[in-house]
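*Asks:*
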Amino acid sequence: MSSIYPSYFARFYDLIYSNIRSDIDTDYFLKKIREANGPVLEAGVGTGRFFTEALKQGADIYGIDISPAMLDILKLKIDRKYHNRLTIQDISDFSFRRKFKLILAPFRVFMHITEPREQLATLNHVYDNLGKGGLFIFDLFIPDPELLAKGMNEVVDFEGEYASGETLRRITSSHSDLINQITDVTFRFEWTEKSRNFKETWNTRLRFCFRFELEYLLMKSKFNQFQIFGDYLENPLTPTSKDFVVVCRK
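Each residue of the sequence shown is one higher than the last, beginning at 92 in our numbering.
1) If we count the other Cβ atoms within 10 Å of its Cβ and call it buried at 16 or more, is T292 buried or exposed?
2) By DSSP's criteria, V179 is part of a beta bridge. Which residues make up the other side?
3) Compare the C-alpha of Y218 against each of D184, G154, L297 and G149 and name the closest.
4) DSSP puts S286 in a beta bridge; with which residues?
5) At the level of alpha carbons, what is the spacing between F314 and H203?
6) Would you mind sorting P197 into buried or exposed? The rule is 16 or more other CB atoms within 10 Å of its CB.
7) From I164, L297 and Y153, pick the residue whose C-alpha is nearest to that of Y175; which is it?
8) Since V276 and L297 are thought to touch, with beta carbons under 8 Å apart, how far apart are those beta carbons, to the nearest angstrom?
9) Quick one: Cα of K123 to Cα of P236, how far?
10) Tell me the residue span of the alpha helix (DSSP H) that contains D248.
11) Quick one: using the 10 Å Cβ neighbour count with 16 as the cut-off for buried, is V136 buried or exposed?
12) Would E144 and L195 be called neighbours here (beta carbons separated by less than 8 Å)?
13) Just the C-alpha distance for A212 and D181, rounded to the nearest angstrom, thanks.
14) What's the gap between the Cα of L231 and the Cα of L305?
15) Over the uninterrupted alpha helix (DSSP H) stretch that includes S98, give me the two end residues.
16) Using three-state DSSP, classify A134 as helix, strand or coil.
17) What is the rounded straight-line gap between the Cα of R261 and the Cα of E281?
18) Report back the beta-carbon spacing between F227 and L221 to the nearest angstrom; my notes put them in contact at under 8 Å.
19) I think S186 touches I95, with their Cβ atoms under 8 Å apart; what is that distance to the nearest whole Å?
20) What are the start and end residues of the beta strand (DSSP E) that includes H216?
21) When DSSP labels each residue in this structure, what does L269 get in the three-state scheme?
22) Since L214 and V131 are thought to touch, with beta carbons under 8 Å apart, how far apart are those beta carbons, to the nearest angstrom?
23) Kindly give me the distance between the Cβ atoms of G321 and S332, rounded to whole angstroms, as I take these residues to be in contact under 8 Å.
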């Protein structure tokens, strides 16, 4: 299993997620970036959904990702003078000469860390790279017991044209290990290009957490100030909440 996005995933990433994911978190994270008043690091920057807009707004923002193919897509969107703000690094061991006012790990980045010891080490590493009063914000989905039990089998979550006359289809399956709290996700891509048919399959793993487990993990870390919200408006958790939005302060 891998969290490094292959080139075909990166190629179609923006098209797929602009159709199947809402912008519910966009205003929230861009607002936090504007309020940082100092250097910002986006971990798992990907193709730059927040990064590109933050640059336009004048943010002092840097980005890291472990997937070279994703960064290659992002670099096509921004002026070459900003390319040195992007590096291939992991959230668990990144290195910069500066401390950050804000570190973000949006869109489930933290869930790709599947071992509890690595999760704790990552939290502590992030803490060490924040300036005094700095924030670390990340999100996770709240586990759906029914979906965890049943899983998904061959669900077509995107189908359409990616260019004139060229089609793309993505089929997703997921199956969860309830004891180890790991969800194995399989994405199958099928597309046409110049009268040829292509098919590729990519697998990844996500570790899901429940509320009190997440709180305990945070209490074990160097962070002694944190809040867990139930949405991107920072409302309290409720039985209908879909996301954990975690805000930690140094």
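Where a beta carbon is used, it is the ideal one built from N, C-alpha and C, also for glycine.
*Replies:* From the atom records:
1) exposed
2) In the sequence as displayed, the identity of residue 179 is Ile instead of Val. Beta-bridge pairing links I179 to D156.
3) D184
4) Its beta-bridge partners do not exist; DSSP assigns none.
5) 20 Å
6) buried
7) The sequence shown places Asn at residue 175, not Tyr. For the residues I164, L297 and Y153, the minimum Cα distance to N175 belongs to Y153.
8) 6 Å
9) 31 Å
10) Element bounds for D248: not the alpha helix (DSSP H) but the beta strand (DSSP E), M243 to A254.
11) buried
12) no
13) 12 Å
14) 10 Å
15) S98 to I111
16) strand
17) 6 Å
18) 6 Å
19) Not quite, the Cβ-Cβ distance comes to about 19 Å (not below 8 Å), so this is no contact.
20) First-last for H216: P207 to D219, but that is the alpha helix (DSSP H), not the beta strand (DSSP E).
21) coil
22) With 8 Å as the limit, L214 and V131 do not qualify as a contact, their Cβ atoms being about 18 Å apart.
23) 3 Å
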